[in-house]
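S.K.: In our numbering, the protein residues as written are 123 to 554.
We put the CB at the ideal spot given by N, CA and C, even for glycine.
Take a look at this one; I'll ask things after.
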Ligand SMILES: [Zn+2]
């Protein structure tokens with residue numbers, strides 16, 4: 123999040139540490155945040171818990187904090203607040219945001235409220251174990267761009283991009299951006315990479331022999347392709363409404379006006395609540411990663427009014443995803459593997475797993491038979507390892523495979539926990 127270099131200080135022999143930052147939160151709840159500056163150079167807003175001051179750099183505890191050094195085109199592409207501004211009550215800010223999305227996009231109140239909830243999570247992404255991804259679907263790219271233009275006025279450190287790849291994701295991370303990705307043709311490989319790297323503590327090898335933290339808020343426009351529905355672990359889904367005539371124009375002047383209104387208000391909202399959101403994570407009252415509603419609630423304190431609108435929609439989407447998973451061969455395989463593990467099997471042949479999975483799917487009304495090879499590939503993608511033996515491919519329930527199967531069963535909400543199973547008990551302790 124912050125890079126440090128040392129600067130020799132005169133002849134005294136002592137050194138001043140230069141810290142380049144895109145935002146730093148200190149232990150006592152004070153903070154340094156990026157704000158707009160003059161020309162291409164941003165400045166830093168220093169927050170002491172009650173008041174803010176703005177300067178080119180901030181000195182604190184013998185260290186000098188400076189805005190992270192990025193290419194001028196990146197500063198042009200993002201939007202930063204110029205200062206902080208009073209937001210009234212939290213509920214006022216959320217209602218204003220929701221109404222803006224309704225007016226410009228024709229979203230229903232529930233859809234606009236869900237997008238508002240997601241916007242709140244991007245202002246606290248640095249405190250979340252896995253910030254939720256917002257997938258957007260629709261056939262009208264113009265409307266998707268309008269949505270992303272609005273989001274780029276309201277989200278924290280927004281970057282609206284197309285043609286994103288793994289290298290650019292790593293290179294631009296120093297801004298700690300909210301990614302707004304217009305990429306209907308995104309490969310499933312890149313989608314998987316985005317998903318796999320979005321867990322706090324999971325690092326990705328960089329190009330300079332370093333490792334990078336890529337945990338970040340993302341919204342991805344998928345076009346009419348709903349393939350991302352299978353990547354539904356910890357993500358929100360919004361379908362764009364049919365195009366309408368006559369929404370208010372969203373030219374650059376109007377976008378600047380919207381950003382000038384919302385950016386300073388959301389920044390103050392973040393500063394007022396960062397201790398509360400951070401503490402909920404450190405004292406264990408934070409919801410488990412799979413609890414999307416809990417994550418949205420944590421990031422929108424006093425947001426009851428908007429929550430009453432998005433909660434029923436999110437719950438309906440979750441029920442839908444659960445119903446779809448009944449026919450998903452990956453989820454069925456995990457259900458079978460979990461029950462085999464609980465029957466104290468030490469391993470199972472891929473052939474047997476395929477037969478049991480097809481039988482389970484048939485009992486649910488599925489006519490299609492999946493081959494051993496097809497299921498093997500899916501299993502590999504899910505991170506469950508197979509071993510080659512003389513009887514063919516087998517899944518050995520070693521520590522790693524058993525943990526992974528339990529983890530997947532929890533995230534797919536399949537199977538039951540069993541008393542006496544160490545992996546089930548571990549999950550129970552983690553939950554408490
Ligand atoms: Zn178990």
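(1) So, is residue 554 buried or exposed, given that buried needs 16 or more other C-beta atoms within 10 angstroms?
(2) Counting only the same chain and skipping the five closest in sequence on each side, list residues whose C-beta sits under 6 Å from that of residue 185.
(3) May I ask whether a heavy atom of ligand 1 can be found less than 8 Å away from the beta carbon of residue 242?
(4) State the DSSP-derived secondary structure class of residue 264, mapped to helix, strand or coil.
(5) Any heavy atom of ligand 1 within a distance shorter than 8 Å of the CB on residue 545?
(6) Is the beta carbon of residue 268 closer than 9 Å to that of residue 227?
(7) Is the beta carbon of residue 253 less than 9 Å from the beta carbon of residue 389?
(8) Span of the beta strand (DSSP E) holding residue 527?
(9) By how many angstroms is the C-alpha of residue 216 removed from the C-alpha of residue 351?
(10) Is any heavy atom of ligand 1 found at a distance shorter than 8 Å from the C-beta of residue 462?
(11) Shorter than 8 Å, the distance from the beta carbon of residue 539 to the closest heavy atom of ligand 1, or not?
(12) Verify the contact flag: residue 395, CB atom, against every heavy atom of ligand 1, threshold strictly below 8 Å.
(13) Might you give, ordered along the chain, the residues of its own chain that have their beta carbon closer than 7 Å to the beta carbon of residue 436, omitting 5 neighbours on each side?
(14) For residue 458, is the classification buried or exposed, using 16 other Cβ atoms within 10 angstroms of its Cβ as the cut-off for buried?
(15) Determine whether the beta carbon atoms of residue 256 and residue 286 lie at a separation below 9 Å.
(16) Going straight from the alpha carbon of residue 164 to that of residue 206, what length do you get?
(17) Would you call residue 134 buried or exposed, if buried means 16 or more other Cβ atoms sit within 10 Å of its Cβ?
(18) Which same chain residues, not among the five before or five after residue 246, have their C-beta less than 6 Å away from its C-beta?
(19) Ends of the beta strand (DSSP E) at residue 303?
(20) Is any heavy atom in ligand 1 found nearer than 8 Å to the beta carbon of residue 528?
(21) According to DSSP, what are the bridge partners of residue 340?
(22) Have a look at residue 635 and residue 428 and give me their C-alpha separation to the nearest angstrom.
(23) With the cut-off set at 9 Å, would you say residue 280 and residue 200 are in Cβ contact?
(24) Does residue 249 pass the burial test, meaning 16 or more other C-beta atoms within 10 Å, or should it be called exposed?
(25) Go to residue 194, then tell me how far its alpha helix (DSSP H) extends in each direction, as first and last residue.
(26) Tell me which same chain residues have a C-beta within less than 7 Å of the C-beta of residue 547, skipping the five on either side of it?
(27) Which of the three DSSP states, helix, strand or coil, is assigned to residue 285?
(28) Please identify the residue among 315, 299, 271 whose C-alpha is closest to the C-alpha of residue 381.
(29) Does the distance from the C-beta atom of residue 498 to that of residue 472 stay below 9 Å?
(30) Between the alpha carbons of residue 260 and residue 173, how many angstroms are there, rounded?
(31) Hey, is residue 514 close to ligand 2, as in C-beta under 8 Å from one of its heavy atoms?
(32) Nearest to residue 465 by alpha carbon, out of 418, 541, 393, 148?
(33) I want to know whether the segment 520-528 touches the segment 474-488 - three or more CB-CB distances under 8 Å.
(34) Can you name the start and end residues of the beta strand (DSSP E) that residue 64 belongs to?
M.R.: Taking the definition as stated:
(1) For residue 554, the predicted model reports a pLDDT of 43, less than 50, meaning its position is unreliable and no value from the coordinates is stated.
(2) 139, 141
(3) no
(4) helix
(5) yes
(6) yes
(7) It is not a contact, given that the beta carbons lie outside the stated cut-off.
(8) The continuous stretches of beta strand (DSSP E) do not include residue 527, which lies in the alpha helix (DSSP H) extending over residues 521-534.
(9) Confidence at residue 351 is low in this model, with a pLDDT of 49, below 50, so its placement is unreliable and the value that follows should be read with caution. For residue 351 and residue 216, the distance between alpha carbons rounds to 27 Å.
(10) no
(11) yes
(12) For ligand 1, not one heavy atom lies less than 8 Å from the Cβ of residue 395.
(13) 236, 414, 415
(14) Classification of residue 458: buried, given that the 10 Å Cβ count is 16 or more.
(15) no
(16) In this structure, the CA atom of residue 164 is about 15 Å from the CA atom of residue 206.
(17) Its pLDDT being 49, under 50, residue 134 is placed unreliably by the model, and the measurement read from it follows with that caveat. When all chains shown are included, residue 134 counts as exposed.
(18) Within the same chain, residue 246 has close Cβ partners 399, 421.
(19) 300-304
(20) yes
(21) The beta-bridge partner set that DSSP reports for residue 340 consists of 255, 301.
(22) What is shown of the chain runs 123 to 554, which leaves residue 635 out entirely.
(23) Contact check for residue 280 against residue 200 passes: the beta carbons are separated by less than 9 Å.
(24) Its Cβ being crowded by 16 or more others within 10 Å, residue 249 is buried.
(25) 194-199
(26) If the five residues before and after residue 547 are omitted, its C-beta is found closer than 7 Å to no C-beta atom of its own chain.
(27) If DSSP states are grouped into helix, strand and coil, residue 285 belongs with coil.
(28) 271
(29) Yes, the pair counts as a contact, with Cβ atoms nearer than the cut-off.
(30) 43 Å
(31) Ligand 2 is not part of the structure shown, which contains ligand 1 as its ligands.
(32) 541
(33) no
(34) Only positions 123 to 554 of the chain appear in this structure, which leaves residue 64 out of reach.
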